[in-house]
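Before any comments, here is the structure.
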Amino acid sequence: MELWDVPIIVAGNEGGVAYTIGDSRAAIDFLLMRWPCALNHSYQTAIYVCGRSIADRNENAAAQEAFIAALSDADIAFDFMPASSQVGQAKA
């Protein structure tokens, strides 16, 4: 499993908890277990594309784009992890 180039920090709705999503497996876990909104088209697309990314590493960037689109459509706050926080992260 290949890590995304820039992890995403997602604001949680549970007392200020934030989630760091750094690969397609973490994205699917968030989508399936922690998704706080309606299951709209962009959510379904993110599930599909992230699942394909797990099987085919060539779709890694598309998975991150689909996940970001689902977050944006659901008005879920997110940001990108600053480069200084990524120092020492190894790619799988």
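No gaps in the numbering here: position 36 of the sequence shown is 34 in this note's numbering, and each next residue is one more. Where a beta carbon is used, it is the ideal one built from N, C-alpha and C, also for glycine. Given the structure is predicted, the values throughout are model-derived calculations rather than measurements.
Beta-bridge pairing of residue i - partner residues as DSSP gives them
i	result
T18	I7
F28	Paired residues: none, contrary to the question.
F78	I6
C-beta atoms of residue i and residue j nearer than 8 Å
i	j	result
S51	A60	yes
E0	D21	yes
Own chain, CB closer than 6 Å to residue i, minus 5 neighbours either side, in chain order
i	result
A67	S40
F76	I6, V8 and L69
E57	R50 and S51
A64	T43, A44 and V47
R32	none
Within-8 Å CB hit, residue i to chain D
i	result
A75	Absent from the structure: chain D. Only one protein chain is present.
Cβ-Cβ separation, residue j to residue i (assumed contact under 8 Å), whole Å
i	j	result
A25	C48	5 Å
D73	N38	D73 to N38, Cβ: 11 Å. No contact.
Neighbourhood of residue i by C-beta distance below 7 Å, restricted to the same chain and skipping five residues each side
i	result
A88	Low local confidence applies: a pLDDT of 45 at A88 is under 50, so the model's placement there is unreliable, with the coordinate-based value given in what follows. Closer than 7 Å at Cβ, skipping near neighbours: no residue.
Runs of alpha helix (DSSP H) wholly within the segment 28 to 62 (minimum 4 residues, chain order): 39 to 53
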